[in-house]
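**Student:** Residue numbers (our numbering): 5 to 113.
The beta carbon of each residue, even a glycine, is placed where N, CA and C say it ideally should be.
(1) From the DSSP output, read off the bridge partner residues of residue 22.
(2) Give the secondary structure of residue 48 by DSSP, where H, G and I count as helix, E and B as strand, and everything else as coil.
(3) The alpha helix (DSSP H) that contains residue 36, what's its start and end?
(4) Can you tell me which of 95, 21, 12 and 113 puts its alpha carbon nearest to the alpha carbon of residue 45?
(5) Would a C-beta distance cut-off of 8 Å place residue 85 and residue 104 closer than the cut-off?
(6) Let me know if residue 23 comes out buried or exposed under the rule of 16 or more other beta-carbons within 10 Å of its beta-carbon.
(7) Mark residue 83 as exposed unless 16 or more other C-beta atoms lie within 10 angstroms of its C-beta, in which case mark it buried.
(8) Going by other Cβ atoms of all chains shown within 10 Å of its Cβ, with 16 needed for buried, is residue 91 buried or exposed?
(9) How about residue 101 and residue 47: do their beta carbons lie closer than 8 Å?
(10) With burial defined as no fewer than 16 other Cβ atoms inside 10 Å of the residue's Cβ, what is the status of residue 99: buried or exposed?
Right under this line is the structure:
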């Protein structure tokens with residue numbers, strides 16, 4: 005799935021009214037271009053809105069080196085998204101949140 009598809013499905017899951025402006029997404033009520041893949045604030049708002057719990061594992065946690073995990077629970081839709089971290093925990097955590105949100109959006113009718 006492309007980054008654009010992830011963003012579209014995430015916006016759908018959050019119930020955001022949005023428009024595409026060039027390569028950017030503009031969401032009603034959120035200033036600037038909405039991109040939770042690159043903006044910590046957008047990612048946190050998305051996680052809170054969709055009740056996505058986030059847990060970032062450090063390099064020594066359960067011997068799972070450099071892994072960020074996002075958990076969500078949305079009725080019948082529940083699961084875990086795990087992202088391997090190269091060196092940027094924030095980027096991996098944002099991506100895990102967006103992937104979890106996109107999965108919720110993909111399963112919406």
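**Tutor:** According to the data block:
(1) Residue pairing by DSSP places residue 22 opposite 31 in a beta bridge.
(2) In the three-state reduction of the DSSP assignment, residue 48 falls in the helix class, which pools H, G and I.
(3) Where residue 36 is concerned, there is no enclosing alpha helix (DSSP H), given that its DSSP letter is neither H nor E.
(4) Looking at 95, 21, 12 and 113, the one whose alpha-carbon comes closest to that of residue 45 is 95.
(5) Yes, these two residues count as a Cβ contact at 8 Å.
(6) Per the 10 Å Cβ criterion, exposed.
(7) Exposed, by the Cβ-count rule.
(8) Exposed, since its Cβ has fewer than 16 Cβ neighbours within 10 Å.
(9) Their beta carbons are under 8 Å apart, which means residue 101 touches residue 47 by this criterion.
(10) Counting of Cβ neighbours within 10 angstroms places residue 99 among the buried residues, the total reaching 16 or more.
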